[in-house]
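*Asks:* There's a structure below that I have some questions on.
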Amino acid sequence: MYFKELSLKDFRNYPEVSVQFHPKVNIITGENAQGKTNLIEALYLMSLGKSFRTFRDGELIAFGKDFCRARSLFEKEGQESSLEFIISAEGKEIRSNGVRLQKNSELLENVYTVIFSPEDLKIVKEEPEKRRKFMDRELCMMDPVYYKTLGRYKKALVQRNNLLREDHPNKDVIMAWSEAMAKEGAKITLRRNAFVKRLSEVSSDLHSKITQGKELLSLEYESDLPVLETEAAQTEYYYEKMQKDLEKDLFRRTTGSGPHKDDIKISIGGIDARHYGSQGQQRTAALSLKLAEIALIREETGEDAVLLLDDVLSELDPNRQTFLLQSLSHVQLFITTAELSEGLLQKLPEYRIFVISGGQVEKQFDNNIVVNV
Numbered sequence: 000m001y002f003k004e005l006s007l008k009d010f011r012n013y014p015e016v017s018v019q020f021h022p023k024v025n026i027i028t029g030e031n032a033q034g035k036t037n038l039i040e041a042l043y044l045m046s047l048g049k050s051f052r053t054f055r056d057g058e059l060i061a062f063g064k065d066f067c068r069a070r071s072l073f074e075k076e077g078q079e080s081s082l083e084f085i086i087s088a089e090g091k092e093i094r095s096n097g098v099r100l101q102k103n104s105e106l107l108e109n110v111y112t113v114i115f116s117p118e119d120l121k122i123v124k125e126e127p128e129k130r131r132k133f134m135d136r137e138l139c140m141m142d143p144v145y146y147k148t149l150g151r152y153k154k155a156l157v158q159r160n161n162l163l164r165e166d167h168p169n170k171d172v173i174m175a176w177s178e179a180m181a182k183e184g185a186k187i188t189l190r191r192n193a194f195v196k197r198l199s200e201v202s203s204d205l206h207s208k209i210t211q212g213k214e215l216l217s218l219e220y221e222s223d224l225p226v227l228e229t230e231a232a233q234t235e236y237y238y239e240k241m242q243k244d245l246e247k248d249l250f251r252r253t254t255g256s257g258p259h260k261d262d263i264k265i266s267i268g269g270i271d272a273r274h275y276g277s278q279g280q281q282r283t284a285a286l287s288l289k290l291a292e293i294a295l296i297r298e299e300t301g302e303d304a305v306l307l308l309d310d311v312l313s314e315l316d317p318n319r320q321t322f323l324l325q326s327l328s329h330v331q332l333f334i335t336t337a338e339l340s341e342g343l344l345q346k347l348p349e350y351r352i353f354v355i356s357g358g359q360v361e362k363q364f365d366n367n368i369v370v371n372v
């Protein structure tokens with residue numbers, strides 16, 4: 000699949016703009032704070048229904064405006080389709096081919112995007128929350144059932160934690176929410192474990208190619224719950240653990256165990272990359288994970304994801320840049336960069352360049368030939 004067109008109205012700093020994209024490589028350039036990232040933020044919105052920069056939809060609306068609109072045309076399996084978002088103070092309206100969607104989960108499996116930004120380079124060395132978000136973002140995009148399961152788990156977790164913080168909490172009600180958490184948490188644990196196993200296989204192979212066989216990358220799913228054979232056994236164990244830990248949780252006023260504490264252990268040559276890997280090793284591992292993410296989407300859905308490279312190429316050395324671009328010749332790429340280098344263009348057989356200034360597309364080139372001014 001690939002994006003054909005994007006139209007924005009009062010979205011971030013774009014008063015009104017419509018852009019037609021190249022099916023392969025699109026380079027978005029311009030000075031800082033002109034709207035380059037805003038453009039790909041709108042594309043990312045199409046896959047999960049939310050921004051990768053903020054959880055507040057209202058921040059997407061231009062200052063002083065009542066609403067914003069983002070509409071995309073994309074081609075998938077030879078069919079052209081549209082997605083449209085209208086965001087206002089009243090909420091968010093999503094339309095697929097003109098038909099209003101009732102739930103955010105109905106949006107999933109329309110388009111697939113993978114974002115790779117300087118923040119993602121930190122996925123190896125930062126706190127576990129970063130790696131949980133990485134797992135959830137991928138799994139939610141590929142699996143609407145997981146998306147709903149995760150939503151129910153988070154709701155139950157919030158309710159249980161709120162009860163734990165009360166001055167005179169009702170233990171029976173707490174355990175009722177514990178039961179809901181155990182049911183959904185068991186599904187999450189088993190799905191994440193299977194995902195990390197496959198992610199480890201794919202990313203290890205990619206990492207070996209990037210490092211020319213000099214380094215071995217491995218991933219391990221880390222949970223404070225043992226991963227059991229069946230969902231029923233997993234549910235029972237988690238419920239009993241919360242029952243056993245209830246007094247501890249009441250003292251701490253929070254739920255001390257469960258999928259919300261999960262992590263991925265990332266090792267290079269058997270050494271913990273988070274604590275002992277060099278910056279170069281950590282960045283190579285992050286690149287391997289992102290490429291594996293795209294491969295797994297293809298494996299699970301049969302569709303190629305669109306890769307959004309937000310100001311990240313400059314953070315990679317020439318060898319990693321070359322490997323990244325050569326590995327992704329089959330997918331649509333969006334690259335934002337403040338400085339357009341001749342070296343980058345020489346690595347690309349065909350591309351379209353958009354020069355952004357003040358929320359407007361000032362110029363457009365196809366392989367350095369001006370097609371729109």
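In this text, residue positions in the sequence shown follow numbering that gives the first Met the number 0: the first is 0, and each later residue adds one.
Glycine residues also receive a C-beta, built at the ideal position from the N, C-alpha and C atoms.
With 16 as the cutoff for other CB atoms within 10 Å, does I122 come out buried or exposed?
*Replies:* Walking along the sequence shown from the start, residue 122 turns up at place 123. By the 16-neighbour rule on beta-carbons within 10 angstroms, I122 is buried.
*Asks:* When the Cα atoms are used, what is the spatial distance from N160 to L249?
*Replies:* Here residue 160 refers to the residue found at position 161 of the sequence shown. Here residue 249 refers to the residue found at position 250 of the sequence shown. For N160 and L249, the distance between alpha carbons rounds to 9 angstroms.
*Asks:* Thinking just about the alpha-carbon of each residue, which of L205, A175 and V144 is nearest to the one in Y238?
*Replies:* Within the sequence shown, the letter at position 239 stands for residue 238. Residue A175 is the option with its Cα nearest to Y238.
*Asks:* CA-CA distance, L315 and R282?
*Replies:* Position 316 of the sequence shown, counted from the start, is the residue given in the question as residue 315. Position 283 of the sequence shown, counted from the start, is the residue given in the question as residue 282. Looking at the two C-alpha atoms, the distance is approximately 8 angstroms.
*Asks:* Nearest to I382 by CA position, among S116, R55, I187 and N31, is which residue?
*Replies:* Residue 382 lies beyond the residue range present for the chain, which begins at 0 and ends at 372; the question has no answer from this structure.
*Asks:* Tell me the DSSP secondary structure of P22 in three-state form.
*Replies:* To locate residue 22, count along the sequence shown from 1; it is residue 23. Residue state, collapsed to three classes: coil.
*Asks:* Alpha carbons only, please: which of A337, Y43, M241 and L120 is nearest the one belonging to Q278?
*Replies:* Locating residue 278 in the sequence shown gives position 279, where the first residue counts as 1. Minimum Cα distance to Q278 is reached at L120.
*Asks:* Between which two residues does the beta strand (DSSP E) holding Y220 run?
*Replies:* On the sequence shown, position 221 is the one that residue 220 refers to. It spans L216 to E221 - the beta strand (DSSP E) in which Y220 sits, taken as one unbroken run.
*Asks:* Distance check for Y236 and M180, CA to CA, integer angstroms please.
*Replies:* As a working note, residue 180 is residue 181 in the sequence shown. As a working note, residue 236 is residue 237 in the sequence shown. The straight-line gap from Cα to Cα measures roughly 12 angstroms.
*Asks:* For the candidate residues Q78, V226 and P317, whose alpha-carbon lies nearest to that of K346?
*Replies:* Here residue 346 refers to the residue found at position 347 of the sequence shown. Nearest C-alpha to K346 among Q78, V226 and P317: P317.
*Asks:* Count the other CB atoms within 10 Å of the CB of Q33; is the residue buried (16 or more) or exposed (fewer)?
*Replies:* Locating residue 33 in the sequence shown gives position 34, where the first residue counts as 1. The residue is buried, with at least 16 neighbouring Cβ atoms inside 10 Å.
*Asks:* Taking the C-alpha atoms as reference points, what is the distance between C67 and L7?
*Replies:* As a working mapping, residue 67 is identified with position 68 in the sequence shown. As a working mapping, residue 7 is identified with position 8 in the sequence shown. So the two alpha carbons sit approximately 8 angstroms from each other.
*Asks:* So does V24 have its beta carbon nearer than 7 angstroms to some heavy atom of the ligand ADP?
*Replies:* Only the bare structure without any ligand can be found here, which leaves the ligand ADP out of the picture.
*Asks:* Check the DSSP bridge columns for S95 and list the partner residues they point to.
*Replies:* In the sequence shown, residue 95 corresponds to position 96, counting from 1. Paired residue(s): L82 and V98.
*Asks:* Give every residue of the same chain whose Cβ lies closer than 8 angstroms to the Cβ of S340, excluding the five residues on either side of it in the sequence, and list them in chain order.
*Replies:* Residue numbering aside, residue 340 sits at position 341 when the sequence shown is read from its first letter. Cβ within range, chain order: n/a, list empty.
*Asks:* Would you tell me roughly how many angstroms separate the C-alpha atoms of G212 and Y13, rounded to the nearest one?
*Replies:* Residue 212 sits at position 213 when you count from the first residue of the sequence shown. Residue 13 sits at position 14 when you count from the first residue of the sequence shown. Using only the alpha carbons, I get a separation of about 46 angstroms.
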